[in-house]
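Per my numbering, the sequence shown starts with residue 210, numbered consecutively. Built from N, CA and C at the ideal position, the CB exists for glycine as well. Values in this document were obtained by computation on a predicted structure and should not be read as measured data.
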Amino acid sequence: MSVGSWFRTDFDEPHSPATLPLNLTRGFDPSVTILDQVVRGQGIVGRVTGEFGAVAVKINGTGRPVRVTVSIGLDEVATRWWADRVRPSRLAPELPRLVAVRAQGRIRGAAVLARRQGWRGAASAEATLSFDLTAEEMDSNGLLIVELAETPHPSWAGGRLSARSAVGLRFNTIGVRDQPSPAPTEGSTGHSGCDFAVIQPGTSLVHRLTTSGVPIAPPLPISPRNRLTRRKPARAVFKLSRAARRVALRAVPHRAGELDDILAADVITGRPVELTVVRKDDGAEIRLAGPTDSPILIGSAKAQPTLSWRLAPAPKVPALVSEGAELR
């Protein structure tokens with residue numbers, strides 16, 4: 210008899226391993242074996258309830274490398290969960306989230322999430338990270354453990370990134386498929402919605418940064434905290450005042466402005482990272498001094514709340530044909 214069977218009861222549902230390709234979209238799938246600080250979801254895998262959250266999925270071991278794709282979401286519920294646990298000031302603005310994605314005990318990448326602000330509310334934000342796992346990391350047991358975790362913030366980003374960033378975030382989906390040939394880690398390529406972006410480990414050393422204008426984030430939506438604020442008249446007043454502040458901030462012209470100095474830091478340790486910035490007409494070109502195994506957070510030296518960054522690998526310039534070489 211195995212040790213694990215000692216703890217089974219008649220109410221436990223048996224877990225059946227998943228086959229590849231896997232597209233996990235709900236937390237009640239039989240292949241979900243372990244959840245740590247994650248609440249299961251019906252339309253999503255689950256929602257993180259603490260400073261980190263882990264999902265363990267049982268997969269039939271294939272003995273081959275696999276490609277894992279994790280989709281993370283930030284929505285209105287996540288924002289309220291965060292406010293209920295952190296208890297910020299009612300005038301505190303909504304800040305971007307920075308989280309690391311860990312698999313099999315090692316950080317594979319990171320993501321920045323900031324919701325797009327509108328007249329009546331904010332839209333959900335989503336980030337996707339794809340990375341490889343070797344055949345040794347996916348052993349015959351076939352247990353895949355994916356985590357969302359907080360990271361130390363660099364000093365120059367203090368107060369500009371959300372504390373306890375993992376609280377309330379969603380595991381939207383987790384995908385696993387066979388990977389015949391290795392590929393670099395891939396993150397989201399759209400605008401981040403804020404003046405931060407992440408360079409994933411193992412990617413190009415040269416990236417192109419472009420910017421666009423966004424409205425200033427309004428104060429957070431906060432649930433009633435005491436008996437007085439739970440009453441309907443008080444809740445209506447809070448709701449109307451929050452809507453008025455949102456409209457007032459949305460009406461302020463949000464010009465992109467000039468790009469400030471750019472700084473970089475290691476996401477895992479928070480230590481500064483050396484880089485070279487070449488200014489362009491529509492943004493900048495960022496060059497790392499050398500390859501890195503850690504995700505790199507880049508951000509403006511001073512807060513620029515009306516800027517949204519988009520980071521993409523710079524296109525490779527084709528080599529020139531040497532003089533005298535035959536053209537075919």
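Inset, instruction - Using alpha carbons as the reference points, say which of A493, E467, L497 lies closest to A473. - result: Measuring C-alpha to C-alpha distances from A473 to each of A493, E467, L497 identifies L497 as the nearest.
Inset, instruction - Give the C-beta separation of S371 and L304 to the nearest angstrom, bearing in mind that I take them to be a contact with Cβ-Cβ under 8 Å. - result: 4 Å between Cβ atoms; contact.
Inset, instruction - Could you pull out every residue in the same chain whose Cβ sits closer than 6 Å to the Cβ of A319, ignoring the five residues on either side in sequence? - result: Exclusion of the five residues before and after A319 leaves A309, V407, V476, P504 as the residues of its chain whose Cβ lies within less than 6 Å of its Cβ.
Legend entry - Contained beta strand (DSSP E) runs [length at least 3] in the region 480–514, N- to C-terminal order: Within the region 480–514, the complete beta strand (DSSP E) runs of at least 3 residues are 484–489, 492–497, 505–509.
Legend entry - V423 (DSSP reduced to helix, strand or coil): If DSSP states are grouped into helix, strand and coil, V423 belongs with coil.
Legend entry - For R256, the residue or residues it bridges with in DSSP: DSSP output for R256 lists V248, R379 as bridge partner(s).
Inset, instruction - Quick one: measure Cβ to Cβ for T515 and G377, integer angstroms, because I've assumed they're closer than 8 Å. - result: That pair is no contact at about 25 Å.
Inset, instruction - List the residues that DSSP assigns as beta-bridge partners of I471. - result: Answer is S509.
Legend entry - Sub-7 Å separation of E345 and F261 beta-carbons: No, these two residues do not count as a Cβ contact at 7 Å.
Inset, instruction - Check the C-beta distance from I495 over to H416 and give it rounded, since I have them as a contact under 8 Å. - result: I495 to H416, Cβ: 5 Å. Contact.
Inset, instruction - Identify, in the order they occur along the chain, each residue of the same chain with its Cβ nearer than 7 Å to the Cβ of R273, setting aside the five sequence neighbours on each side. - result: A344, D387.
Legend entry - Counted within 10 angstroms of its Cβ, other Cβ atoms place Q513 as buried (16 or more) or exposed: Result: buried.
Legend entry - Contacting residues, own chain, Cβ-Cβ under 8 Å from A523 (five flanking each side not counted): Here A523 has S413, V415, H416, R417, E494 as same chain residues with Cβ atoms under 8 Å from its own Cβ, once five neighbours each way along the sequence are excluded.
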